[in-house]
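Numbering (the UniProt record's numbering), first residue to last: 168 to 440.
Glycine is no exception: its CB is placed at the ideal position from the N, C-alpha and C atoms.
Fair warning: this is a prediction, and the values are worked out from it, not measured in the lab.
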Ligand code: ADP
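Set out below in structure tokens:
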């Protein structure tokens, strides 16, 4: 059972105390129960996510085993669909590993000065494979460099971009920007896609939270993308802002502290043509 806001759970124990007396010990275990319930939900979600592709693959393997004679088309089609399912499981396992590293406070942030404009250009190039010309991708990038982890930021930015691509109907416009706002560096992805109703927004960065379960699975998402983004930003003392309206579109902005700007920004900007 979910523990409601303001509700508390106690464990109560009677222990012998002196001669013929008992002591009533009570302990507040609300926090422990909450963590326990999150752990159970997480395991149930992961199991469910892995079970679906495994069931599909097993089905194809049985069909192929039972097929009387060799049917090239059936064979090839089954192999393609099984590869798709294996890739889905691979994405899920990779995201789970990444998330567990990000959640480990002992895992070091490998910081270096990053030319964000160059990083974003390479993220945009990789995203073309997913976009396949469906949407127009625009970009506008400042020359500001920041201190951070290149791999982690690449992962956060590419998750936001791939969401914009996946949740925008074909023919959409996607704007990617990197600029200074009130002295703070901000990376933003704006789409004119399906948007998100306000009641869902606060929960989007929870692991496996989806507005539309079946729809988001069919687009190939793992349900962990925004949880990864949130943790990467926290590790950089940055935060995510979500501005969205159903049927109009969404803007996801990563706001970094000004202190992350590297002095390299100035010098490199001067020598960059
Ligand atoms: P998923 O793999 O399901 O996309 P995410 O954690 O990346 O997982 O996103 C969580 C949910 O947030 C998605 O299932 C989707 O409902 C919603 N969402 C994320 N990005 C967008 C977007 N750009 N437009 C509309 N909905 C979005």
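Counterpart residues of residue i in DSSP-defined beta bridges
i: residue 422; result: 353, 406
i: residue 491; result: What the structure shows of the chain is the stretch from 168 to 440, and residue 491 is not part of that stretch, so it cannot be assessed.
i: residue 312; result: 282
i: residue 416; result: 412
i: residue 307; result: 344
i: residue 210; result: Looking at the DSSP assignment, residue 210 forms no beta bridge with any residue, so it has no partner.
i: residue 428; result: 313
Backbone secondary structure at residue i - three-state DSSP
i: residue 267; result: helix
i: residue 185; result: coil
i: residue 215; result: helix
i: residue 380; result: helix
i: residue 372; result: coil
i: residue 398; result: helix
i: residue 169; result: coil
i: residue 174; result: coil
i: residue 291; result: helix
i: residue 393; result: helix
i: residue 197; result: helix
Separation of residue j from residue i, as counted between CA atoms
i: residue 359; j: residue 319; result: 26 Å
i: residue 376; j: residue 236; result: 44 Å
i: residue 365; j: residue 373; result: 15 Å
i: residue 246; j: residue 395; result: 31 Å
i: residue 328; j: residue 197; result: 38 Å
i: residue 204; j: residue 238; result: 49 Å
i: residue 225; j: residue 206; result: 28 Å
i: residue 308; j: residue 429; result: 16 Å
i: residue 175; j: residue 297; result: 46 Å
i: residue 409; j: residue 362; result: 10 Å
i: residue 404; j: residue 351; result: 12 Å
i: residue 323; j: residue 255; result: 19 Å
i: residue 188; j: residue 202; result: 35 Å
i: residue 437; j: residue 343; result: A caution first: residue 437 carries a pLDDT of 49, below 50, which makes its placement in the model unreliable, though a value can still be read off. Their backbone Cα atoms lie some 23 Å apart in a straight line.
To test your reading of the DSSP string, which unbroken alpha helix (DSSP H) runs of 4 or more residues are found completely within the stretch 221 to 287? With a minimum length of 4 residues, the continuous alpha helix (DSSP H) runs that stay inside the stretch 221 to 287 are 239 to 270.
Please give the ranges of any beta strand (DSSP E) in the stretch 316 to 365, keeping only runs that are unbroken, at least 3 residues long and fully inside the region. 340 to 348, 351 to 358
Validate contact between the stretch 188 to 207 and the stretch 216 to 229 using beta carbons, cut 8 Å, 3 pairs: no
Do the stretch 336 to 356 and the stretch 416 to 427 make contact, defined as three or more Cβ pairs closer than 8 Å? A contact exists between the stretch 336 to 356 and the stretch 416 to 427.
Does the count of Cβ pairs from the stretch 386 to 402 and the stretch 269 to 286 closer than 8 Å reach three? Because the criterion of three Cβ pairs below 8 Å is met, the stretch 386 to 402 and the stretch 269 to 286 touch.
Closer than 8 Å is the cut-off here; do at least three beta carbon pairs connect the stretch 257 to 264 with the stretch 275 to 295? no
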